[in-house]
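A quick write-up on the structure given underneath.
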Amino acid sequence: MIACFVTGTDTGVGKTLSSCALLHALARHHPRVVGMKPVASGAEPDGQGAWANEDTLALRAASTITVSPSLDNPILLPDPVSPHIAAERARMPVTLAPILQAYQTLREQADAIVVEGAGGWQAPLSEDLRIADLAVALQLPVVLVVGLRLGCLNHALLSADAIRASGLTLAGWICSRVDPTMLEPEANLAYLRQSIGAPLLADIAWQAQPDARTVRVQLPKEWQ
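First residue of the sequence shown? That's 8 in my numbering, and the numbers climb one at a time after it.
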């Protein structure tokens with residue numbers, strides 16, 4: 008069974024687009040592929056009489072199997088704010104137990120799982136729980152999505168160092184060109200390729216209408 012944890016240098020850097028691209032790439036090698044959003048902030052009608060998060064809906068569309076919402080999104084918080092604030096507002100404490108239980112059940116149903124975090128590596132889920140703690144509890148290799156924009160070098164290298172310091176493997180990174188007006192993007196990309204210490208899995212061009220199916224992903228050999 009193949010699984011990875013997707014995190015980002017910040018919010019809004021293309022984690023969901025990258026996660027969906029990974030799902031499409033994995034589906035070329037594995038029949039049962041599913042995305043998981045353990046904690047999602049911001050709910051909207053799903054068109055079927057229930058509520059769902061926009062990111063979760065995108066992951067479901069990119070998955071090859073359908074699972075219960077309690078498995079692919081065990082914690083759904085109504086307000087589109089930082090999870091720890093959304094949880095406090097909703098009086099729904101975020102804990103690891105239901106997430107780990109859902110993940111273990113997914114492992115029995117899927118050949119490959121892409122777990123998408125929320126925000127960046129140190130984004131808080133509660134007063135004493137962060138995204139990094141969740142990734143460590145799952146013990147998954149990490150894919151870092153770098154939003155290519157001014158300031159990304161510092162954010163990317165700090166995130167890469169923090170991931171390794173947690174004891175997890177940085178399996179690779181994805182360049183997400185979120186700012187079409189950025190000066191010297193190729194120079195920044197070249198520096199990251201030299202310095203980040205992990206393979207570049209995809210270089211996602213800026214798209215007015217993002218489509219994960221158009222993204223070329225070079226999966227690690229052990230994921231194929």
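Virtual Cβ for every residue (Gly too), placed ideally from N, Cα, C.
Quick caveat, the model's predicted, so the values are computed rather than measured.
To which residues does DSSP link alanine 47 through a beta bridge? Numbered from 1 along the sequence shown, position 40 holds the residue referred to as residue 47. Note: alanine 47 sits in a beta bridge opposite Leu83.
Does DSSP put proline 52 in a helix, in a strand, or in coil? For the purposes of this step, residue 52 is taken as residue 45 along the sequence shown, with counting starting at 1. DSSP places proline 52 in strand when its eight states are reduced to three.
Going by beta-carbon coordinates alone, are alanine 119 and alanine 34 separated by less than 9 Å? Sequence index remark: in the sequence shown, residue 119 carries index 112 (1-based). Sequence index remark: in the sequence shown, residue 34 carries index 27 (1-based). Result yes, Cβ atoms of alanine 119 and alanine 34 sit closer than 9 Å.
Ignoring anything shorter than 3 residues or poking outside the stretch 163 to 226, list the beta strand (DSSP E) runs there in chain order. 177 to 183, 207 to 211
Are the Cβ atoms of serine 183 and valine 20 separated by less than 9 Å? Stepping through the sequence shown from its first residue, residue 183 is reached at position 176. Stepping through the sequence shown from its first residue, residue 20 is reached at position 13. Taking 9 Å as the Cβ cut-off, serine 183 and valine 20 qualify as a contacting pair.
Counting C-beta neighbours from all protein chains within 10 Å, is the total for leucine 114 16 or more, i.e. buried, or is it exposed? On the sequence shown, residue 114 is found 107 positions in, with the first residue counted as 1. First, the amino acid is wrong: residue 114 is arginine here, not leucine. The residue is exposed, with fewer than 16 neighbouring Cβ atoms inside 10 Å.
With burial defined as no fewer than 16 other Cβ atoms inside 10 Å of the residue's Cβ, what is the status of arginine 2: buried or exposed? In the structure displayed, the chain extends from 8 to 231; residue 2 sits before or after that span and is not available.
Output the distance between the C-alpha atoms of leucine 84 and proline 105, rounded to the nearest integer angstrom. The count along the sequence shown starts at 1 and reaches residue 84 at position 77. The count along the sequence shown starts at 1 and reaches residue 105 at position 98. Approximately 14 Å between the Cα atoms of the pair.
Do you know whose CA, among Pro76, Met99, Gly158, Leu136, lies nearest threonine 63's CA? As a position in the sequence shown, residue 63 is number 56, starting the count at 1. Ranking the options by Cα distance to threonine 63, first place goes to Pro76.
How many angstroms separate the CA atom of arginine 96 from the CA atom of isoleucine 82? For the purposes of this step, residue 96 is identified with residue 89 of the sequence shown, where counting begins at 1. For the purposes of this step, residue 82 is identified with residue 75 of the sequence shown, where counting begins at 1. So the alpha carbons of these two residues sit roughly 14 Å apart.
Checking 9 Å against the spacing of the C-beta atoms, do alanine 109 and leucine 78 come in under that value? Locating residue 109 in the sequence shown gives position 102, where the first residue counts as 1. Locating residue 78 in the sequence shown gives position 71, where the first residue counts as 1. Yes, Cβ-Cβ distance for alanine 109 and leucine 78 is below 9 Å.
Inspect the CB distances between the stretch 185 to 199 and the stretch 158 to 168 and report whether three or more fall short of 8 Å. yes
Would you say threonine 23 lies against chain D (beta-carbon separation less than 9 Å)? This model lacks chain D altogether, as it is built from one protein chain only.
DSSP-derived helix/strand/coil call for tryptophan 58: Translated into the one-based positions of the sequence shown, residue 58 becomes position 51. Looking at tryptophan 58 - three-state DSSP - the assignment turns out to be strand.
For alanine 172, is the classification buried or exposed, using 16 other Cβ atoms within 10 angstroms of its Cβ as the cut-off for buried? Numbered from 1 along the sequence shown, position 165 holds the residue referred to as residue 172. Exposed, by the Cβ-count rule.
Residue range of the unbroken beta strand (DSSP E) whose run includes serine 133: Stepping through the sequence shown from its first residue, residue 133 is reached at position 126. It spans 131 to 133 - the beta strand (DSSP E) in which serine 133 sits, taken as one unbroken run.
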